[in-house]
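In the working numbering, the protein residues as written are 43 to 288.
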Amino acid sequence: MADGMLAHDGMPTRDGMPTSDETLARDESLTRDETLPRDHGTRPYWDARHADLDDLTSGGHIGLDRPGNELFYAHRLGTLLDLIGDLSSPTAPLFVLDAGCGKGYFARALARCGHRVDAFDTSRTAIDHARAEGGGPRYAVALLDEWRAAWPYDIVVCVDVLFHVPDDEEWAAGLRNLASLVRVAGRLILTDEDTDRRTPRGAHIVHRPLTAYRAELEPLGLRHTLSRPYGFRENRVGFHVFTRNS
Ligand SMILES: C[S@@+](CC[C@H](N)C(=O)[O-])C[C@H]1O[C@@H](n2cnc3c(N)ncnc32)[C@H](O)[C@@H]1O
């Protein structure tokens, strides 16, 4: 079980789902027996990056200055909200998972929009920062391929994380796990560069083509329904939306 997943205030209640009290009771018992997520090759890199760089640069674009990253985040948030839609209901909030949330920019923004947000990242440094910011999301330290939830999510977002997983097996396992967390008719919104082949860039980046994502996700019942390039300066990354139809 991922640590931190459970040290939080009440969870949303749904028919057939645990109530807040039930969840809290379970959470409290599990937080007494916290286990760290397994060792992970790129965690030291991300912990150092999140410790050394400011809240936007560490998870944004290290080639941009602060105003550039403000624009980069705001621009992508607008697109992300457009892709998620304008539904917002206090009685039936969307259940959203932000996988690889970094310091929580998107998680907090989605919570402000009325959604119930769970968020995790491999970097404890990033999660400590995100928790200190507060703002509603529940945070955990976890890996893409190990996060488990008691219920499926309406929306799973994974922004600029999957191309930071250099190992192909780990990438595929993470992607399959994220797919398993999406409810029927729900959406997995991930990002990668528009490329026609597997494209490594340095030690920490491997871009993969849309065909590679489709090959993993379509057998699991997720259909590619939309792509939307960031359209930010020279950046070639964009959102891919997959919708679960079975
Ligand atoms: C470029 S940052 C993006 C962070 C956040 N999504 C954002 O847009 O602000 C990539 C994040 O992915 C996290 N990460 C990398 N590999 C991961 C994995 N296998 N499981 C979970 N998180 C991972 C890193 O710690 C880092 O915070």
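All residues carry an ideal CB built from backbone N, CA and C; glycine is no exception. Computed from a predicted structure; not experimentally measured.
Closer than 7 angstroms to some heavy atom of ligand 1: that does not describe the Cβ of Thr99.
Not one heavy atom of ligand 1 lies closer than 7 angstroms to the C-beta of Tyr255. Under the three-pair Cβ rule at 8 angstroms, the region 131-141 counts as touching the region 182-201. The beta carbon of Glu258 is closer than 8 angstroms to those of Ala214, Leu217, Arg218, Ala221 in its chain, skipping five residues each way along the sequence. In the three-state reduction of the DSSP assignment, Ile104 falls in the coil class. The closest CA to that of Arg250, considering only Asp187, Val207, Gly273, is found on Val207.
Distance between Arg286 and Ala227, taken at the CA atoms: about 5 angstroms. The closest CA to that of Phe281, considering only Thr121, Gly176, Ala168, Leu106, is found on Thr121.
A distance below 8 angstroms separates the beta carbons of Arg229 and Phe284. The three-state reading of DSSP puts Glu260 in helix, counting H, G and I together. Leaving aside the five residues that flank Gly144 on each side, the residues in its chain whose CB is nearer than 8 angstroms to its CB run, in chain order, His92, Ser100, Gly101, Asp163, Ser165, Ala168, Ala172.
Sequence-distant partners of Asp97 (beyond 5 residues in either direction) whose C-beta falls short of 6 angstroms from its own C-beta, in its chain, are Lys145.
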